[in-house]
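Chains as they are written, first to last, in my numbering: chain A, 37 to 374; chain B, 37 to 374.
Idealized CB from N, CA, C, for every residue including glycine.
Predicted model, so just to flag it, every value in this text is computed and none were measured.
Protein chains: 2
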Amino acid sequence: MKKQTIGKQSIEFERAPHILGAASIVGKKEGEGPLGKYFDKIGEEDGLFGGKSWEEAESTLQKEAVSMALAKAGLDQQQLRLIYAGDLLAQTIASSFGILGFHTPVYGLYGACSTMGEALSLASMAVAGGYGDYVAAVTSSHFATAEKEFRFPLGYGSQRPLSATWTVTGSGACILGTEGGKARITGITTGKIVDFGFKDSLNMGACMAPAACDTIAANLVDFVRSPQDYDRIITGDLGEIGQKILFDLLKEKGFDIEKQHMDCGMEIFDKETQDTHAGGSGCGCAAATFAACILPRIQKGEWKRVLFVPTGALLSKVSYNEGRSVPGIAQAVVVEHC
Amino acid sequence: MKKQTIGKQSIEFERAPHILGAASIVGKKEGEGPLGKYFDKIGEEDGLFGGKSWEEAESTLQKEAVSMALAKAGLDQQQLRLIYAGDLLAQTIASSFGILGFHTPVYGLYGACSTMGEALSLASMAVAGGYGDYVAAVTSSHFATAEKEFRFPLGYGSQRPLSATWTVTGSGACILGTEGGKARITGITTGKIVDFGFKDSLNMGACMAPAACDTIAANLVDFVRSPQDYDRIITGDLGEIGQKILFDLLKEKGFDIEKQHMDCGMEIFDKETQDTHAGGSGCGCAAATFAACILPRIQKGEWKRVLFVPTGALLSKVSYNEGRSVPGIAQAVVVEHC
């Protein structure tokens, strides 16, 4: 057993796991956005994806994403050894009911909107450790389930401040294996929980930016890289406000990532025409964008090396109502063309 | 990279991680139960552990458990590479706020009451894979936070059916490493989500028993063992009703575990005097019982090999109110004296 730890919080895989297939499914609004043509499947106006409730719809998203990713990887579900799955809902019910039908061993995760980074990290550790030939990572979010979980009933028609993000209805899944495909995960940087004391749940970009800064800086230090060593450094859903804070915080540490930075939340909607304010968010935002738009560019070799850093705001309505702060976390994955 | 997978859903570690330290903390009621003298720390009547809310109290439980486990392992927190943490609350806030102060890279988990099995499994995979020298696994539950999260406000004084379990106020943490200590985790069996269609959230033993059966049977088949090869097969919190169902289901598969079986939920309270009905439950039940009573007997060599199988019921109040079933999951860990 060779140690693969580098620096303080990163792993460089001795045998990097490969991404064999990935798929995405999103709601109608996301399908009408700038990335619309890249998604594998787009739902109808009602957001129900054939289900009876929004929660059931979100479960369908995970089921569809994993099924499509398996098909793209040329595998059937019996070959899948493990699934790492998560979502934003209490007790991660979207995942439980979404992947129940696969009859595959599963580990449930919660890392708020950073969960796709967590799922890809743990799936990579499993494949690289010899614990499974084929392992899936999947996360989802749904605008209507998230509003119900964290904010107000949709029927209230509450006003949203400009700092608020719009939870993406969508899911993305990746199948990892020991060989094949045109992209591999060469390393990860595990995030710490970072709490700057922000308490505004409608400005999650600000709550998550310090964690994104912490993880990105740790990655650059641990791997002895500069931002230029990445073609892109892509956060999950910081949005416009979070991005500005991230740039400022990283400059204080001596890193300028303005040229490399991209944020899935800022790409997925057109803020002028789609009324989504600071951008998209949710577990499904980073996951669907990764599967639809980031991975294909790495596979083609257009980007040689990307740092993918989904970011999460660790709050619940209970912690918020009890006046607690909103700590952040960011989980980073290094994805390279091969 | 040698493959360590065996059978359909198990891993046998080439280099089994060792358990270097473990600690437990529980509430006053648990301290008054049959296992009272084994816990490291016992709280006061108010259940607040010095906090201002029950959620804050539960976070304190995790913080204390990890701190004590680190001290017992002779480590300081800077040496800890990773923490795998989870709890029962929406968005696992007990974990987020509990481990925030350690400034350690973290992966958040949700597996309902099976989470300690999941945390020990993933921590083992990390250590055995060369991803960290010292890795922690911790979970918690709290009677008052759980009642608020899943059932009714405590002030209502709702009647509880005899099939109901009593959520344990407690936390248990283990520190894993590559060598040292008198116990090691030689293998794991990852659970599948099993849904028999039960819908009674006040009879969680029945909901979880099919999953426990599935994981235990898979473990016996994958490792080519019979129940006699274990000194004990210990489930998390099936309680009396779940235990009966487990025995019946396993007999249908040709396994009789009655002589080896123990259930943390049935050990932690005295049902005659403590009015806890079917037994204890919660993420903290299996975790605290493992740290306080199971691990020490393995360390002493009284038990040579134990199958520890925390069990979880995958429901939320939303899934319950929407009429969904309560699927179960069980995560198994093989712990041996060394």
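Report yes if the C-beta distance between residue i and residue j is below 8 Å; otherwise report no.
i: S46/A; j: A322/A; result: no
i: E48/B; j: G318/B; result: no
i: V370/A; j: I221/A; result: yes
i: L156/A; j: A172/A; result: no
i: S199/A; j: I277/A; result: yes
i: T271/B; j: V362/B; result: no
i: G69/B; j: I304/B; result: yes
i: G153/B; j: T201/B; result: no
i: A219/B; j: I55/B; result: yes
i: H297/B; j: I334/B; result: no
i: T325/B; j: L71/B; result: yes
i: T41/B; j: Y167/A; result: yes
i: E183/B; j: S355/A; result: no
i: I211/B; j: G57/B; result: yes
i: G348/A; j: G147/A; result: yes
Name the DSSP beta bridge partners of residue i, please?
i: W90/A; result: Answer is none; W90/A lacks a bridge partner.
i: K340/B; result: BP columns for K340/B are empty, so no partner.
i: H54/A; result: G213/A and R220/A
i: M298/B; result: I270/B
i: L145/A; result: G122/A and L145/B
i: A155/B; result: A155/B pairs with nothing; no bridge assigned.
i: A32/B; result: Because chain B here runs from 37 to 374, residue 32/B falls outside it and cannot be looked at.
i: H178/A; result: None; H178/A has no bridge partner.
i: H373/A; result: A219/A
i: S207/B; result: I61/B and S176/B
i: I78/B; result: V62/B
Looking only at C-alpha atoms, which of the options sits nearest to residue i?
i: L158/A; options: G144/B, S177/B, K307/B and T41/B; result: G144/B
i: K73/B; options: P332/B, G337/B and V342/B; result: P332/B
i: K228/B; options: Q367/A, F138/A, A58/A and F326/A; result: F138/A
i: N357/A; options: R187/A, D82/A, G275/A and Q279/A; result: R187/A
i: S131/A; options: G364/A, D306/A and A209/A; result: A209/A
i: A101/A; options: A59/A, K287/A and G67/A; result: A59/A
i: F232/A; options: P246/A, R341/A, E91/A and M240/A; result: P246/A
i: R341/B; options: G348/B, A349/B, F259/B and G301/B; result: F259/B
i: A180/A; options: A242/A, I211/A, D82/A and S262/A; result: D82/A
i: D250/B; options: G63/B, D76/B and Q367/B; result: Q367/B
i: K336/B; options: D76/B, V142/B and G217/B; result: G217/B
i: I365/A; options: T226/A, E308/A, G315/A and D267/A; result: T226/A
i: K295/B; options: D267/B, E308/B, M302/B and E288/B; result: D267/B
i: Q114/B; options: A242/B, H178/B and T140/B; result: T140/B
i: G165/A; options: D273/A, A327/A, K38/A and G134/A; result: K38/A
i: C149/A; options: G63/A, G241/A and K77/A; result: G241/A
i: A285/B; options: D306/B, L190/B, A248/B and K64/B; result: According to the sequence provided, residue 285/B is Leu. The question's Ala does not apply to it. The option with the nearest alpha carbon to L285/B is A248/B.
i: V142/A; options: K77/B, K44/B, V142/B and L124/B; result: K44/B
Whose C-beta lies closer than 6 Å to the C-beta of residue i among residues of the same chain, with five residues either side of it excluded?
i: L97/A; result: I61, S176 and S207
i: T151/B; result: G122, L145, T175 and C319
For residue i and residue j, what's the separation of their Cα atoms in angstroms?
i: H313/B; j: M244/B; result: 17 Å
i: D299/A; j: K99/B; result: 34 Å
i: V257/B; j: F291/B; result: 10 Å
i: V204/A; j: W339/B; result: 51 Å
i: L84/B; j: H373/B; result: 36 Å
i: S160/B; j: A52/B; result: 8 Å
i: L282/A; j: K280/B; result: 55 Å
i: A162/B; j: L116/B; result: 12 Å
i: R196/A; j: L238/A; result: 8 Å
i: Q264/B; j: L343/B; result: 11 Å
i: E66/A; j: L111/A; result: 28 Å
i: Y192/A; j: S103/A; result: 36 Å
i: F133/A; j: A105/B; result: 35 Å
i: E308/B; j: G315/B; result: 11 Å
i: G301/B; j: H178/B; result: 14 Å
i: Q310/B; j: S89/A; result: 40 Å
i: S262/B; j: A109/A; result: 37 Å
i: E50/B; j: D169/B; result: 16 Å
i: K289/B; j: K64/B; result: 40 Å
i: K287/A; j: D306/A; result: 28 Å
With a threshold of 8 Å on Cβ separation, who are the neighbours of residue i within its own chain once the five nearest residues in sequence on each side are excluded?
i: R360/A; result: K235 and L351
i: G87/B; result: A93, S95 and T96
i: F75/B; result: S60, I61, V62, E66, G67, G206, A324 and A328
i: P189/B; result: E183
Report all residues from its chain with a CB closer than 7 Å to the CB of residue i; omit the five preceding and five following residues, and keep chain order.
i: A126/B; result: E185
i: A107/A; result: none
i: K353/B; result: F186
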